[in-house]
Amino acid sequence: MAQDLLLEIGVEEMPSAYMPRVLKDLKDLARNNLAEARLSCGEVLTWGTPRRLCFWVKEISEEQEDSLVENRGPKKSIAFDAGGNPSKAGLGFARGQGVDFRELQIREVGGVEYLFAIKKEKGQAAEQILPGLLLKLIHSLSFPKSMTWSYYQTRFARPIRWLLAILGDKILEFNIENIKSAGYTYGHRFLSTGALPVSSIDDYFRVLRKHYVILDQAERKKMIWQQVQKVAAEAGGKAMENEELLEEVAFLVEFPTAFYGEFSPSYLAVPPEVLTTSMIEHQRYFPVYNNEGRLLPGFVGVRNGTDYCLDIVRAGNERVLKARLEDALFFWNEDSRKSLEEMSAKLKDVLFHERLGTLADKGLRLQELALFIGRETGLGQPEKLQRSALLCKADLMSNMVYEFPELQGIMGRYYAAGSAEEPEVAEAIFEHYLPRFAGDKLPASAAGIVLSLAEKADSLAGCFAIGIKPSGSQDPYALRRQALGTVNIILDKKLSIDLKLLFEQAYLGYKDIDLEKSREDSVKELLDFVYQRMRGVLLDSGISYDVIDAALSQPSFDLFETYNRVFELQEFKKSPLFADFMVVYNRAHNLSRKWESEEIDPDVLLDESEKNLYQKLPGLQQEIKTSLIAQDYTRALELLAALRADIDQFFTAVMVMVDDEKLKAARLGILKAIANLFNSMADFSKIV
C-alpha cells in the first residue's frame, strides 16, 4: 500500500535569497532520487521558512520495483577453452556474479560475442531504502555559500539543528554528523518552547500551525499582502506593489503580522527614490503613497510574530528608520551644496577599469561617441550631447550614490536639475543607464537614447578589446545586458545606424591604451555577440528559427533593417507564392552553388527560354535593387517568385551541364545571377 513521506530539515535562519532556488532543487532531487531508487510516487510539495526546509511526497510505493541487471563478462573466445569447456575466466565470472555457469547468456556486441549474467533483483521495502536516500538528497543540496558547524565536515547553508522524517505513521531514522532524525519538530522561535512531538504527517501540520508556524510560503505571502494592504488603507494610503520585496519578506517570517509606522514629514524634502530605497533595501518595509501617487510619511513593516506589544515593535522600527533617513537627509544637503560639474572634476581619481582608464577618460570617450551617434541618427543637439556625456558619471562622486549605488543616474538627474542644467541634459544623465534589468523601460529622450547607446558601445568595445567576454553563467561586467539593451533600443526607436561603424568608432576611443585585440577582431566578435542577442529577441517575438537563421546568415550592420527583413520573410513564408519562390531558388541555387561567376556570353545561348531569362535579368536586378533600398522586401520576394514559369520552361527546354564549356558557363551564369538575387536577402537554403 502506498504511503506518504515527509522530511523536515531544521536549520538556523536561512538567507531569504536562497529559498526559491533551494525549494525547487529539493523538489527535483526528491523526484529524481526516488525514480533512481525505483520507487514510484505521486505529487511532490516543498515548503520553506527561515528555520526549516520541508518536502511532502504523496503515495510512495511500498517497495522498489524488481529489476533485471545485465552484467557483461569476458569474450566468448576467452570464456571457453579449445574443447568448448568453460575456462577459468568464464567460471570466475559466473562465480563472481553468483550464478551457475549454465545460466550465462552469449550476446553479440559490436560484432564480438560476450558472456552476460542476467539477474533479477528483488525490490526492497521503501522503509529500508529511504533513510539512505534522504541522506544522499540532503548532501546533494547546494547553496551560493555554505558552512560547517562545530568540528564536523558536512557543509550546509546554515547549521542543521534537527531532522524529522515520517513514512506513513513511522519515524525514519538516520543521522547527519551529530544530528539524528527523531519524532519531533520545533515551532516559532519566540512563540514556542522546546521540542514538539510528532506522531504522523497530519499531526505535523497541526503542531506547526498551533505553534505559530505558517509552513506554506504561498499562504504566508498571501497573508502578508492582505495585511499590508489593509494596514496601508487604514492609514489613508496604498502600499507599493513590489513582488520581489513581498517574496523576500515571506521567507523572513514564520508568522507574519503587519503594522504601520511613521516618520517625520520633514524627510520628504529628500527625493522619494532615496526614501523608498532606504525603506526597501535596508529595512524591508513597504512604502505608502496617497491617492495622487505622492509618498506619505509612513511605511508598513511585517513582524515575525503576533500583535503582542506591537506598539513597542512599531516604535523600535521607527527609530531605526529615522537614523537611516537622517543619514539620507545629511547626504542630500551635503551633495546639494556642490554643482554636478564640481563632482565631475573628481572622476579623474576613479578607475573605470584598471586597463581601460579612469571615469574621466570614459567621459571624454562618451562625448566623441555621442556626437558620432547623433550625426548618424539625427538625434539630439551636439552641445547637449556633449554636456550630458561630460556629466553623466558625476553623481558617482556624491555621498548619496556612495551610500546607495542603485541610485546612480537617478540622483544625477536631481543634482543636474539643482545645478540649473537643461532638462534634456538632466534626463539623459538618468536615461543613459537604461535599461538596467530585463523588462526595464528604455530611454525616451533624444539625448538619453544617444548617450545610452554610447555608454553601451564604449563598455562593450573596451571589454572585448582586452579579452573580457561572458563565459557560461559568468558575466561580471553585464555585457550581455548591455548588448541586449543596445538591440532593444535600436529596434524600439526604429534607428538606422551602422553597428560596424559604431563599434569601430568606440574602439578608436581607446587608441592611447595598449589593447590585446585588433580592431577587426574585436569588432567582428562584438557583432557576432550582438547578433546572438538579436536572435533571442526575434525568437521571443515568435519568428521561426529557420527564418531567423536564413536572414542572419546575410546580416547587414543595420539591426533595424535586419529586423524588418526578418518580419517580412516570416510573413511571406505564409504566402501562397512562397512555394513558387522556393522552387525558383532551389533550382537556381542547387546547380550554381559551386559556380562563382555571373558572366554570361549571350552569343552562345541557343534556346528561347534561356534568351528570355537573360533578357529579363538586367531589369529584374534593377527592380530588386530598388526594392531593397526602399526596404520593400515583399516586393523583391514577389518578383523572384514570379520567375517560376520562366525557370520551369528553362529547365524543361535545356540541359545545363552540357559538354560545350562556353554554353554551360553561360547557363550557369544565368542561374548564378538569379541565385545571387535571392542571397542578397537571406540564405534560403536554411529554410525548413
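The numbering of the sequence shown is the working numbering, which starts it at -19 and goes up by one.
Ideal Cβ placement from N, Cα and C applies to all residues, glycine included.
Computed from a predicted model, the values in this text were never measured in an experiment.
DSSP bridge partner residues for residue i (one or two, in chain order)
i: residue 32; result: -10, 29
i: residue 269; result: 218, 275
i: residue 478; result: 538
i: residue 525; result: DSSP output for residue 525 lists no bridge partner at all.
i: residue -17; result: 40
i: residue 591; result: Beta-bridge pairing links residue 591 to no other residue.
i: residue 23; result: Paired residues: none, contrary to the question.
i: residue 363; result: The partner list for residue 363 (beta bridge, DSSP) is empty, contrary to what the question assumes.
i: residue 145; result: -13
i: residue 242; result: 278
i: residue 160; result: 155
i: residue 656; result: Per DSSP, none; premise fails for residue 656.
i: residue 632; result: Note: residue 632 sits in no beta bridge, so no partner.
i: residue 47; result: 101
i: residue 647; result: Looking at the DSSP assignment, residue 647 forms no beta bridge with any residue, so it has no partner.
i: residue 284; result: 236
Distance between residue j and residue i (C-alpha atoms, nearest Å)
i: residue 403; j: residue 139; result: 54 Å
i: residue -16; j: residue 166; result: 21 Å
i: residue 434; j: residue 263; result: 36 Å
i: residue 595; j: residue 645; result: 17 Å
i: residue 336; j: residue 494; result: 9 Å
i: residue 292; j: residue 236; result: 16 Å
i: residue 49; j: residue 102; result: 11 Å
i: residue 412; j: residue 422; result: 9 Å
i: residue 640; j: residue 586; result: 12 Å
i: residue 153; j: residue 143; result: 9 Å
i: residue 210; j: residue 241; result: 14 Å
i: residue -3; j: residue 203; result: 20 Å
i: residue 318; j: residue 312; result: 11 Å
i: residue 685; j: residue 268; result: Given a span of -19 to 668 for the chain in the structure shown, any question on residue 685 remains unanswerable.
i: residue 500; j: residue 380; result: 41 Å
Sequence-distant residues of its chain with Cβ nearer than 8 Å to residue i (five each side left out)
i: residue 629; result: 589, 592
i: residue 348; result: 485, 489
i: residue 149; result: 179, 180
i: residue 544; result: 611, 613
i: residue 636; result: 571, 644, 647, 648, 651
i: residue 548; result: 613, 614, 617
i: residue 225; result: 260, 264, 266
Nonlocal neighbours in the same chain, by C-beta distance under 7 Å from residue i, ignoring five residues either side
i: residue 126; result: 135, 136, 137
i: residue 95; result: 53, 54, 56, 59, 70, 73, 84, 86
i: residue 378; result: 315, 323, 391, 395
i: residue 553; result: 527
i: residue 409; result: 368, 371, 372, 389, 392, 393, 396
i: residue 540; result: 470, 471, 474, 475, 476
i: residue 45; result: 18, 103
i: residue 615; result: 607
i: residue 100; result: 46, 48
Cβ neighbour criterion (16 or more within 10 Å) applied to residue i
i: residue 119; result: exposed
i: residue 174; result: exposed
i: residue 561; result: buried
i: residue 155; result: exposed
i: residue 284; result: buried
i: residue 581; result: exposed
i: residue 453; result: exposed
i: residue 133; result: exposed
i: residue 40; result: buried
i: residue 355; result: exposed
i: residue 366; result: buried
i: residue 671; result: Here the chain has residues from -19 to 668 only, and residue 671 is not among them.
i: residue 439; result: buried
i: residue 655; result: buried
i: residue 620; result: buried
i: residue 602; result: exposed
Neighbourhood of residue i by C-beta, 6 Å cutoff - its chain only, sequence neighbours within 5 removed
i: residue 320; result: 371, 374, 395, 396, 399
i: residue 26; result: 3, 6, 7, 35
i: residue 79; result: 97
i: residue 661; result: none
i: residue 146; result: -14, 181
i: residue 32; result: -12, -10
- Go through the region 74 to 139 residue by residue and report every complete run of the beta strand (DSSP E) that reaches 3 residues or more, in order. 85 to 89, 92 to 101
- Quick one: complete alpha helix (DSSP H) runs, 4+ long, within the region 309 to 351? 320 to 324
- Item | Sequence ranges, alpha helix (DSSP H) only - wholly within the region 402 to 483, length at least 4 | 403 to 411, 426 to 445, 459 to 472
- Uninterrupted beta strand (DSSP E) stretches inside the region 538 to 625 (no shorter than 3 residues): none
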